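Here the sequence shown is numbered in this note's numbering, starting from 530 and rising by one per residue.
Below is one structure, written out as structure tokens, with a few remarks after it.
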Amino acid sequence: MPKKSKKKKVEKGKKEKLRSHSEIDITQHYLVPKHEILSEEEKKELLEKYKVKLEDLPKILITDPAISKLNPKPGDIVRIVRMDPVAGESVYYRVVIEE
530 MPKKSKKKKV EKGKKEKLRS HSEIDITQHY LVPKHEILSE EEKKELLEKY
580 KVKLEDLPKI LITDPAISKL NPKPGDIVRI VRMDPVAGES VYYRVVIEE
């Protein structure tokens, strides 16, 4: 009987850890690059500039923690700006997809 009560305490502790972990805003971490959703106009200009179709772009899942606070929709394009001490600023584009 005492073993069951210990197990319940451990399970309760795990749930509390998961809850507090999900409350962390990873977008504020210094290693997470800036993510932003392009407007419809910017999206059109990007596709014309590089002469690509939406499905030709690299993908990012709608559930990706780095974009979850942006409220993305499938088909949105995300601009990712990475800063590198050697290369400087690097810009990447990803199209949002469902799982």
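Glycine included, C-beta positions come from ideal geometry on N, C-alpha and C.
Given the structure is predicted, the values throughout are model-derived calculations rather than measurements.
Please classify Pro601: is it buried, with 16 or more other beta-carbons within 10 angstroms of its beta-carbon, or exposed? Locating residue 601 in the sequence shown gives position 72, counting from the first residue. Result: buried.
Given this structure, state the Cα-to-Cα distance separating Glu584 from Leu567, to the nearest angstrom. Locating residue 584 in the sequence shown gives position 55, where the first residue counts as 1. Locating residue 567 in the sequence shown gives position 38, where the first residue counts as 1. Each residue's Cα considered, the two are about 16 Å apart.
CA-CA distance, Glu618 and Glu569? Position 89 of the sequence shown, counted from the start, is the residue given in the question as residue 618. Position 40 of the sequence shown, counted from the start, is the residue given in the question as residue 569. Approximately 24 Å between the Cα atoms of the pair.
Are the beta-carbon atoms of Val561 and Ile553 separated by less than 9 Å? In the sequence shown, the residue the question calls residue 561 occupies position 32. In the sequence shown, the residue the question calls residue 553 occupies position 24. No.
Roughly how many whole angstroms lie between the Cα atoms of Leu576 and Gln557? Start at 1 with the first residue of the sequence shown, and residue 576 comes out as number 47. Start at 1 with the first residue of the sequence shown, and residue 557 comes out as number 28. Spanning the two alpha carbons is a distance of roughly 29 Å.
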